[in-house]
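Asker: Below is the structure I would like to discuss, written out as structure tokens.
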Amino acid sequence: NVKEPQSPPSPRSHHRAFIPQPAKRAAPLHALQNKKTEFDWRPECEAAFSDIKFALTTPPVLGHPIPGAPFLLDTDASDWGIGAVLSQVQEEREVVLAYYSRCLSKAERNYCVTRKELLSLVCALRHFDSYGLSSGEPFIVRTDHASLQWLRNFREPDGQLARWLALITPYNYQVQHRSGHHHQNADALSRRPCAKDGCNYCRRQEEKARDRIDIRRTKVVVDSDWGTKQRKDEDIAPVITWVEAGTKPLWQDVVSCSPETKALWAMLDTLTLTKGLLVRKWENDNGTKIREQVVVPKEQRQQILWNAHNFGHFGRKRTLSEVRLRYYWPGMTKDVRMVCAACQVCGRRGKGRPGPRAPMQIYVTGTPFERVCVDALGPLPLTEDGNRYIVVAIDTFTKWPEAIPVPDIKAITVAKGLVDVVFSRFGVPRELHTDQGRNFEADVFKEVLALLGVHKTRTSPMRPQSDGQVERFNRTLREMLAKVVDSHQRNWDRCLPCLLLAYRGTPHAATGFSPAALTLGRELTLPVHLLIEPAPGFKTQNEYAFELHTRLQEMHELARKRLRLAAVECKQRYDVHAKVPRYDPGDKVWFHCPDRKVGRCPKLQNPWKGPCLVLKKITEVVFRIRLPNGKKRVIHADKLSPFTEMKKEEGNGVVIST
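Residue numbers are given in UniProt numbering: position 145 of the sequence shown equals residue 145, and the series is strictly consecutive.
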């Protein structure tokens, strides 16, 4: 019909600038738009339409990416597909580098307009990532949907939207809105998308193009301008003069020169001029081959380093070996190390981290049931009584354990178990320590503790070592249960009383006394004790009370000394390789968060998030940080790692760390 020739790929659209002689090519199509003439699709119209499509898809219309030039990413979505065009400003004009489009799936066609537009941006960033969009260099995203300008203003996104926003967060982009009349390049691709699976020919062409792009962007071409740049470099220019003159100046003449010039002076015998370029003849370690390394001026070094590193995101040694094959400059090893440390892609993967752990913090109590640690163990096989979990509580002073079988670990169930079993027998503790489980952080659980006057404390996130005593008892309890349960494993709740009796009557390594002795003032009578005659009893209750009071005082005092000694010894062993974290408010850090995402392979996930901002130093090893999504969390220092940024020093382009 008449409308079809007016839609892209008609050269009346944005693509006019990239087709030679667009008016002449499209003349038969323009004739069809005359309302006074009858619409007649003749062979010359079909030929003109095919010619325009051929011009849009053949290589002459596409340009090559130039390192350092700004990228432009145009995205659009329609009811049936999404499209994107990657361009670059070269010589003050836009040059198209690549196109992308695909159909929407049945589920995606039900998305709202904003979600479709965001999907087009996410898919485009993934598809064109091989061009280095994730390297940190700023680029512009243009869209005809104004809502995308406020991507970073979503409040508490969740689900698919949160995943998409997290995916595009590392990119340094700025969204610009432009009207649909000026946005026909991406609009055309979204309305005539390639099939999602695509034909075999298109898929092969995409794979070949992607391979070519990867190789091209990792290679830095040494052009004729390098000779000019070398002579303009204040450190290299004197060396070129010496090489051209064929003389090596005395040391007294170069004392006032820069360190780089002195380093090049020291190897002047290996330097020569080849086609106007200063090169260094470098012999490999085994002496079998001599290579020519171009001496790189300052303004080209960062480009070379990033291209070499981004090729495979290898470590320092491999990146240095890659750069050293063709290039040289003094201090190259240090610059490679800093680039590898500042790479955010490697940072999210976290190779080589975490660093030294933070020193251990000592917490010693002085009286029985002053501080009780609580945790939940399970799920375990369902028993005949309907129990599936164990609420575990342990006193940090006497090491007296309680294990309460429960059907679930809801907040009200845990609170009732503690009140009925622990608080009713031993009194209310001053402090109750738990992890950050939802049941322990629930309002009903906090209200019960507040009503009883118990101070509630919690561990830092993903830090089970902060609740180490109860975690260690959980391990012991699991081992004991595994040895005594039946083959069907559904009688574990009936085994708990006897196992607790055995544990309470056994001396603890830290105190030297059994939990029963420090709690009850006497040893429990175990079955093994019945083999001998029981000890003689006291004559009166008063004598027993006096003797018990005296014995408890002596045991508690001795236990306090042993606990302090055990804590100090444990800290000394732990702190052998520890280091005090040096993070201050305003510092940027990486945050280790190895949460598994549904549908993602754990081995391919990046466990580090960043950059995160340190907001406050709460203790020596605990910090409050702000995540990239804006949320605030309290994190232990062992989950943090320094974040390194790169920038160019004004005037000489030297890569430095901040």
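From the three backbone atoms N, C-alpha and C, an ideal C-beta is built for every residue, glycine too.
(1) I'd like the list of long-range same chain contacts for VAL414, defined as Cβ closer than 6 Å, with 5 residues on each side in sequence excluded.
(2) Taking contact to mean 3 or more Cβ pairs, one atom from each stretch, closer than 8 Å, check whether the region 400 to 414 and the region 339 to 347 are in contact.
(3) Look up GLY352 in the DSSP assignment and say whether it is helix, strand or coil.
(4) Would the beta-carbon of SER120 fall within 8 Å of that of ILE82?
(5) I'd like to confirm the pairing. Which residues does DSSP put opposite ILE394 in its beta bridges?
(6) Less than 8 Å between the beta carbons of LEU167 and VAL239, yes or no?
(7) Grouping DSSP H, G and I as helix and E and B as strand, with all else coil, what is THR365?
(8) Could you check whether LYS617 and PRO594 sit closer than 8 Å to each other, using their CB atoms as the reference points?
(9) Quick one: Cα of HIS177 to Cα of THR75, how far?
(10) Is it the case that the region 326 to 339 contacts the region 87 to 97, given that we only count it when at least three CB pairs across the two stretches are under 8 Å?
(11) For VAL175 versus LEU148, is the C-beta distance shorter than 8 Å?
(12) Tell me which residue opens and which closes the alpha helix (DSSP H) that CYS103 is part of.
(13) What residue range does the beta strand (DSSP E) around ASP76 cover?
(14) Within a Cβ cutoff of 7 Å, which residues of the same chain sit near ARG316, ignoring the five residues on either side of it in sequence?
(15) Provide the residue(s) that pair with CYS612 in DSSP beta bridges, ordered along the chain.
(16) Secondary structure at GLU650, three-state DSSP: helix, strand or coil?
(17) Tell me PRO642's beta-bridge partners as DSSP assigns them.
(18) If you count every other CB in all the chains shown that lies within 10 Å of the CB of GLN302, and 16 or more means buried, which is it?
(19) What residue ranges within the UniProt domain "Integrase catalytic" (364 to 523) form continuous alpha helix (DSSP H) runs of no fewer than 4 residues, ordered along the chain?
(20) What is the DSSP secondary structure of GLN605, reduced to helix, strand or coil?
(21) I need the straight-line Cα distance from ALA55 to PHE49, nearest angstrom please.
(22) Using 10 angstroms around the beta-carbon of SER641, count the other beta-carbons present and answer buried if the total reaches 16, otherwise exposed.
(23) Compute the Euclidean distance between the alpha carbons of PRO515 and HIS508, then round it to the nearest angstrom.
(24) Measuring CA to CA, which of ALA358, HIS488 and GLN293 is closest to SER466?
(25) Pull up the distance between the alpha-carbon of THR114 and that of ALA107, whole angstroms please.
(26) Kindly list the residues whose CB is nearer than 8 Å to the CB of GLY610, restricted to its own chain and excluding five residues on each side of it in sequence; keep chain order.
(27) Taking the C-alpha atoms as reference points, what is the distance between GLU92 and THR459?
(28) What's the gap between the Cα of THR383 and the Cα of TYR389?
(29) How long is the line joining the alpha carbons of ARG425 and GLU569, rounded to whole angstroms?
(30) Give the secondary structure of TYR131 by DSSP, where H, G and I count as helix, E and B as strand, and everything else as coil.
(31) I'd like the list of long-range same chain contacts for THR434, defined as Cβ closer than 6 Å, with 5 residues on each side in sequence excluded.
(32) Would you kindly work out how many angstroms separate the C-alpha atoms of GLY159 and LYS597, rounded to a whole number?
(33) Out of curiosity, what's the CA-to-CA distance linking GLU645 and PRO368?
(34) Can you pull the DSSP bridge partners for VAL635?
(35) From PHE634 to ARG626, what distance separates their C-alpha atoms?
(36) Just how far apart, CA to CA, sit VAL95 and TRP164?
Answerer: Reading from the atomic positions:
(1) Taking the first residue of the sequence shown as position 1, residue 414 is located at position 414. Contacts found: VAL391 and ASN439.
(2) Segments in contact, no.
(3) Along the sequence shown, one-based indexing puts residue 352 at 352. Below a pLDDT of 50, predicted positions are generally treated as unreliable, and GLY352, at 49, falls in that range; no measurement from the model is reported.
(4) Along the sequence shown, read from residue 1 onward, the residue named residue 120 stands at position 120. Along the sequence shown, read from residue 1 onward, the residue named residue 82 stands at position 82. Judged by beta-carbon spacing, ILE82 lies within the 8 Å limit of SER120, meaning their Cβ atoms are closer than that value.
(5) Start at 1 with the first residue of the sequence shown, and residue 394 comes out as number 394. In the DSSP assignment, ILE394 forms a beta bridge with CYS373 and PRO401.
(6) Numbered from 1 along the sequence shown, position 167 holds the residue referred to as residue 167. Numbered from 1 along the sequence shown, position 239 holds the residue referred to as residue 239. With respect to VAL239, LEU167 sits apart: the two C-beta atoms are not nearer than 8 Å.
(7) Stepping through the sequence shown from its first residue, residue 365 is reached at position 365. Per DSSP, reduced to three states, the secondary structure at THR365 is coil, with no helix or strand assignment.
(8) Along the sequence shown, read from residue 1 onward, the residue named residue 594 stands at position 594. Along the sequence shown, read from residue 1 onward, the residue named residue 617 stands at position 617. Against a cut-off of 8 Å, the Cβ pair of LYS617 and PRO594 comes out as no contact.
(9) Taking the first residue of the sequence shown as 1, we reach residue 177 at position 177. Taking the first residue of the sequence shown as 1, we reach residue 75 at position 75. Taking the straight line from one Cα to the other gives about 11 Å.
(10) No, they do not touch.
(11) Indexing the sequence shown from 1 puts residue 175 at position 175. Indexing the sequence shown from 1 puts residue 148 at position 148. Yes, Cβ-Cβ distance for VAL175 and LEU148 is below 8 Å.
(12) Residue numbering aside, residue 103 sits at position 103 when the sequence shown is read from its first letter. The continuous stretches of alpha helix (DSSP H) do not include CYS103, which lies in the beta strand (DSSP E) extending over residues 93 to 103.
(13) Here residue 76 is taken as the residue at index 76 of the sequence shown, counted from 1. Taken as a continuous stretch (DSSP letters only), the beta strand (DSSP E) holding ASP76 covers 71 to 77.
(14) Looking up residue 316 in the sequence shown gives position 316. VAL336, ARG337 and CYS340, listed in sequence order.
(15) Residue 612 sits at position 612 when you count from the first residue of the sequence shown. VAL589.
(16) Residue mapping note: residue 650 aligns to position 650 of the sequence shown, counting from 1. Bear in mind that the predicted position of GLU650 carries a pLDDT of just 43, short of 50, making it too unreliable to give a figure here.
(17) Here residue 642 corresponds to residue number 642 of the sequence shown, with the count starting at 1. DSSP lists VAL589 as the beta-bridge partner residues of PRO642.
(18) Here residue 302 is taken as the residue at index 302 of the sequence shown, counted from 1. Around the beta carbon of GLN302, 16 or more other beta carbons lie within 10 angstroms, which makes this residue buried.
(19) If we require 4 residues or more, the alpha helix (DSSP H) runs fully inside the UniProt domain "Integrase catalytic" (364 to 523) come out as 411 to 417, 438 to 441, 443 to 452, 468 to 484, 492 to 504 and 515 to 520.
(20) Residue numbering aside, residue 605 sits at position 605 when the sequence shown is read from its first letter. Annotated three-state conformation of GLN605 is coil, per DSSP.
(21) As a working note, residue 55 is residue 55 in the sequence shown. As a working note, residue 49 is residue 49 in the sequence shown. Using only the alpha carbons, I get a separation of about 10 Å.
(22) The residue given as residue 641 occupies position 641 in the sequence shown. By the beta-carbon neighbour count (other beta carbons within 10 angstroms, threshold 16), SER641 is buried.
(23) Position 515 of the sequence shown, counting from 1, holds the residue named residue 515. Position 508 of the sequence shown, counting from 1, holds the residue named residue 508. If you take the alpha carbons of PRO515 and HIS508, they lie about 7 Å apart.
(24) Here residue 466 refers to the residue found at position 466 of the sequence shown. Checking every option, the nearest Cα to that of SER466 belongs to ALA358.
(25) For the purposes of this step, residue 114 is taken as the residue at position 114 of the sequence shown. For the purposes of this step, residue 107 is taken as the residue at position 107 of the sequence shown. For THR114 and ALA107, the distance between alpha carbons rounds to 15 Å.
(26) The count along the sequence shown starts at 1 and reaches residue 610 at position 610. Cβ within range, chain order: GLN344, GLY347, ARG348, LYS588, VAL589, TRP590, PHE591, PRO628 and PHE643.
(27) If you number the sequence shown from 1, residue 92 lands on position 92. If you number the sequence shown from 1, residue 459 lands on position 459. Approximately 57 Å, taken between the alpha carbons.
(28) Translated into the one-based positions of the sequence shown, residue 383 becomes position 383. Translated into the one-based positions of the sequence shown, residue 389 becomes position 389. The straight-line gap from Cα to Cα measures roughly 10 Å.
(29) Position 425 of the sequence shown holds residue 425. Position 569 of the sequence shown holds residue 569. Roughly 33 Å separates the two Cα atoms.
(30) Here residue 131 corresponds to residue number 131 of the sequence shown, with the count starting at 1. It is helical.
(31) As a first step, residue 434 is located in the sequence shown; it is residue number 434 there, counting from the start. The answer, listed in chain order, is VAL374, PHE440 and ARG458.
(32) Start at 1 with the first residue of the sequence shown, and residue 159 comes out as number 159. Start at 1 with the first residue of the sequence shown, and residue 597 comes out as number 597. Going from the Cα of GLY159 to the Cα of LYS597 covers about 11 Å.
(33) Against the sequence shown, residue 645 aligns to sequence position 645. Against the sequence shown, residue 368 aligns to sequence position 368. Rounded to the nearest angstrom, the gap between the Cα atoms of GLU645 and PRO368 is 51 Å.
(34) The sequence position of residue 635 within the sequence shown is 635, counting from 1. The residue asked about is misnamed: residue 635 is Ile in this sequence, not Val. Paired residue(s): PHE623.
(35) Locating residue 634 in the sequence shown gives position 634, counting from the first residue. Locating residue 626 in the sequence shown gives position 626, counting from the first residue. Phe is not the amino acid found at residue 634; the sequence shown has Val there. VAL634 and ARG626: Cα-Cα distance of roughly 9 Å.
(36) Locating residue 95 in the sequence shown gives position 95, where the first residue counts as 1. Locating residue 164 in the sequence shown gives position 164, where the first residue counts as 1. In a straight line, the C-alpha of VAL95 is about 28 Å away from that of TRP164.
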